[in-house]
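Q: Could you have a look at this structure, given as structure tokens, before my questions?
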Amino acid sequence: MKKVYIETYGCQMNVNDTEVVFSILGANGYERTEDISLADVIMANTCSVRDNAEQRIWGRVEQFCLQRRNRKVVIGIMGCMAERLKDALLDSGKVDVVAGPDSYRSLPSLLEAAFDGHPQINVELSREETYADISPVRIDKNGVSAFISIMRGCNNVCSYCVVPFTRGAERSRDASTIVREACDCSQKGYKEVTLLGQNVDSYNCNGVTFAQLLEMVARVDPRMRVRFSTSNPQDISDEVLYTMAKYPNICKHIHLPVQSGSDRMLEKMRRRYTREWYLQRVAKIREVLPGCGLTTDVIAGFCSETEEDHRDTLSLFEQVGFDTAFMFYYSERPGTLAARKYPDDVDIETKTRRLNEIIELQCRKSLESYRADIGKEFEVLVEGPSKKGDGQLCGRASNNKMCVWADNTHKAGDYVTVKVTDCTSATLICEEIR
Ligand code: SAH
Ligand code: SF4
Ligand code: F3S
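Start counting at 1 in the sequence shown, then tack on 793, and there's your number in the working numbering.
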């Protein structure tokens, strides 16, 4: 058996795709290794969302090439960068196989030809491929939490974003195969599944909506938690909120990327909502789901952003009070609408300063949000020992906040009730309630 080593970058969908690839390769005479020095095949599952994500991968490819010094190794690039750069990756001379996100079924034959010395590329995008019939080989070691992709691609055209180019058109996976996979997870002892899509609220397969799918998955096992990501402010429906309220095992957390607090920027970004609409969605979430965790993504320094636009973002962050945020400065992606239409005209110093101002504000808001949980009790799903290695356990509350507490009786996959006694801006410090 040949050994295959894969490093995964980018979003949770990529993690799940790597699991799909291990499944496909496992059925074709390959076995997984986590030791790069033993691998016959070394691959990176890549991300193109920002330039620095790609730069990092080029650095890794250099490292992979060093493995060629004493043995035959096939080096592959899969995922979004494969799709974006195509032949240019082969032209670099460092890579033997280039496989886009919809081509993974062909990997066994691509690799075989590459072992015979012929570089291979398949970057065909598909309108149908959802890998619905493939049982992913879970790579997350704790055996507690599993990803289930419910759709692929994206039909939005946010002007800054490369994802529609790298992942192709949106398609939803058949609901019965999703429910089957959730049942399988439950039988294997998983305690949490996360449903993945770039815009889960536009899920629609033969009339089944996302709210209905969520309900179907929640019913699989009342002791198995259900999470989902990502929600788009323009599409998140009241039905989804009511479904969340109805099922205790649907975690009360919504990741709702805002991108900017300025209507002028939102329009230019081709996000199809306004600041006011976003704030109303947040108000509705808080009305239907009190205590629901709320997180976001934001981009600082998009094309032509003024100080006033930036202040609108700051004031929105002040007003909403997110628990956490993923904060970036704008990185122009070749081929996107923004790259073709708008100059990337906010200088790097200004982008960095604005980003830092958002980060600073959010740090304060995170602390506020975490402090507000002091004194509360939560049921936490144990993920394992805390990172500090001090004998404490860690796990998430329903609202997605990480909890740590001293515990020598429980293990990963157990549910434990804790009370929050203290916090940082990223962790709830708790004690177990017996
Ligand atoms: N489908 C999700 C986002 C996927 S990309 C959604 O619509 O919300 C994840 C995040 O990367 C985005 O939310 C955005 O904040 C950021 N991002 C995407 N393109 C970017 C770019 N060109 N520059 C900087 N950040 C970007
Ligand atoms: Fe990109 Fe917009 Fe699609 Fe999200 S919804 S993946 S930001 S195009
Ligand atoms: Fe990156 Fe592709 Fe995900 S660009 S964020 S890996 S969809």
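We put the beta carbon where it would ideally sit given N, CA and C, even for glycine.
Under a three-way DSSP split, which group does serine 830 fall into?
A: In the structure shown, the three-state DSSP call for serine 830 is helix.
Q: Under the criterion of a Cβ to heavy atom distance below 7 Å, does asparagine 992 qualify as lining the ligand SF4?
A: At least one heavy atom of the ligand SF4 is nearer than 7 Å to the Cβ of asparagine 992, so yes.
Q: Figure out for me which residue from Met1120, Asp1215, Ser1191 and Val1173 has the closest Cα to the Cα of histidine 1046.
A: Taking only the C-alpha atoms, the option nearest histidine 1046 is Ser1191.
Q: Would a C-beta distance cut-off of 8 Å place threonine 987 and glutamine 805 closer than the cut-off?
A: yes
Q: Who are aspartate 1054's beta bridge partners in DSSP?
A: The sequence given here has glycine at residue 1054, not aspartate. Partner(s): none; glycine 1054 has no beta bridge.
Q: Do the segment 1178-1189 and the segment 1149-1157 make contact, defined as three or more Cβ pairs closer than 8 Å?
A: no
Q: With a 10 Å radius around its C-beta and 16 neighbouring C-beta atoms as the bar for buried, classify histidine 1048 as buried or exposed.
A: buried
Q: Taking DSSP's pairing of strands, which residues face cysteine 998 in a bridge?
A: Val1001
Q: In or out: isoleucine 943 buried (at least 16 other Cβ within 10 Å) or exposed?
A: Label assigned to isoleucine 943: buried.
Q: Would you kindly work out how many angstroms separate the C-alpha atoms of lysine 934 and arginine 964, rounded to a whole number?
A: 29 Å
Q: Would you say the beta carbon of cysteine 804 is closer than 7 Å to some non-hydrogen atom of the ligand SF4?
A: no
Q: Classify aspartate 1090 as helix, strand or coil using the three-state DSSP reduction.
A: strand
Q: Count the other CB atoms within 10 Å of the CB of valine 950; is the residue buried (16 or more) or exposed (fewer)?
A: exposed
Q: Taking the straight line between their C-alpha atoms, what separation do you get for methionine 1062 and alanine 837?
A: 30 Å
Q: Using the Cα positions of threonine 1145 and asparagine 863, report the straight-line distance between them to the nearest angstrom.
A: Roughly 43 Å between the two C-alpha positions.
Q: For the ligand SAH, I want to know if asparagine 1025 counts as a neighbour, meaning its beta carbon is within less than 7 Å of at least one of the ligand's heavy atoms.
A: yes
Q: Give the straight-line distance between the Cα atoms of valine 1013 and valine 1019, rounded to the nearest whole angstrom.
A: 10 Å
Q: CA-CA distance, leucine 882 and serine 902?
A: Their Cα atoms are separated by approximately 19 Å.
Q: Please work out which residues of its chain come closer than 8 Å, Cβ to Cβ, to serine 1055, disregarding the five sequence neighbours upstream and downstream, and give them in chain order.
A: Correct list, in chain order: Arg1068, Glu1098, Glu1101, Asp1102, His1103, Asp1105 and Thr1106.
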